[in-house]
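Since the structure comes first, as structure tokens, the remarks are kept for the end.
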């Protein structure tokens with residue numbers, strides 16, 4: 052039986068997919084401070100990576116949890132989401148959008164919000180990894196999963 056943690060693949064897509072499409076097709080409309088030609092190119096490069104991760108996540112979502120390729124992609128997602136979270140939580144303000152005066156007083160910014168969302172996805176992927184370890188052990192032992 053598939054684990055409910057398999058939803059994390061689609062949660063990752065819902066977080067990264069829209070940003071990938073915006074970055075690829077509407078790069079100059081992204082709300083970023085001081086956009087230059089260099090940042091536009093890097094935004095498009097990041098968008099391609101996000102699109103590739105999203106497509107791969109959609110493709111592996113329904114596969115058995117013990118497959119090495121699915122587990123390898125999970126490791127990639129943990130590193131990506133945890134790294135993104137760490138960078139965004141430590142970043143200075145670069146999105147000139149505010150959630151309002153109260154949010155500003157509480158230090159709730161778009162960068163921190165997105166950083167927290169990526170951190171939650173990293174935890175979900177780690178949870179999926181731990182929950183599916185028995186299926187991997189059973190597959191290695193040749194038992195039906």
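Residue numbers (the numbering used here): 52 to 196.
Think of the CB as a built atom: it goes at the ideal place given N, C-alpha and C, for glycine as much as any other residue.
Item checked: Nearest-angstrom Cα separation, counted from residue 64 out to residue 115 -> Position 64 of the chain shown, counted from the start, is the residue given in the question as residue 115. Position 13 of the chain shown, counted from the start, is the residue given in the question as residue 64. Distance between the alpha carbons of residue 115 and residue 64: 19 Å.
Note to self: Considering only their Cβ atoms, is the gap separating residue 98 from residue 133 smaller than 8 Å?
What the structure shows: Residue mapping note: residue 133 aligns to position 82 of the chain shown, counting from 1. Residue mapping note: residue 98 aligns to position 47 of the chain shown, counting from 1. Against a cut-off of 8 Å, the Cβ pair of residue 98 and residue 133 comes out as no contact.
Notebook entry, point to check: How close, in whole Å, do the beta carbons of residue 146 and residue 83 come, if the pair is a contact with beta carbons under 8 Å?
Noted result: Residue 146 sits at position 95 when you count from the first residue of the chain shown. Residue 83 sits at position 32 when you count from the first residue of the chain shown. So it is a contact: roughly 6 Å between Cβ atoms.
Check: Within this structure, are the beta carbons of residue 103 and residue 124 separated by less than 8 Å?
Finding: Start at 1 with the first residue of the chain shown, and residue 103 comes out as number 52. Start at 1 with the first residue of the chain shown, and residue 124 comes out as number 73. No, the Cβ-Cβ distance between residue 103 and residue 124 is not below 8 Å.
Check: Near residue 176, which residues of its chain fall below 7 Å by C-beta distance, leaving aside the five closest residues on each side in sequence?
Finding: Numbered from 1 along the chain shown, position 125 holds the residue referred to as residue 176. Correct list, in chain order: 59, 125, 128, 129 and 132.
Notebook entry, point to check: Which class does residue 71 belong to by DSSP, given the choice of helix, strand or coil?
Noted result: The count along the chain shown starts at 1 and reaches residue 71 at position 20. Residue 71 falls in the helix class under three-state DSSP.
Note to self: For a test of the three-state rule: what should DSSP assign to residue 144, helix, strand or coil?
What the structure shows: Within the chain shown, residue 144 is the residue found at index 93, counting from 1. If DSSP states are grouped into helix, strand and coil, residue 144 belongs with coil.
Checklist line | Collapsed DSSP secondary structure at residue 85 in the structure displayed | finding: To locate residue 85, count along the chain shown from 1; it is residue 34. The answer is coil: DSSP assigns residue 85 none of H, G, I, E or B.
Notebook entry, point to check: If we ignore side chains and look at the alpha-carbon of each, how far apart do residue 74 and residue 195 end up?
Noted result: As a position in the chain shown, residue 74 is number 23, starting the count at 1. As a position in the chain shown, residue 195 is number 144, starting the count at 1. Taking the straight line from one Cα to the other gives about 43 Å.
Check: Are there 16 or more other CB atoms within 10 angstroms of the CB of residue 77, so buried, or fewer, so exposed?
Finding: Locating residue 77 in the chain shown gives position 26, where the first residue counts as 1. Result: exposed.
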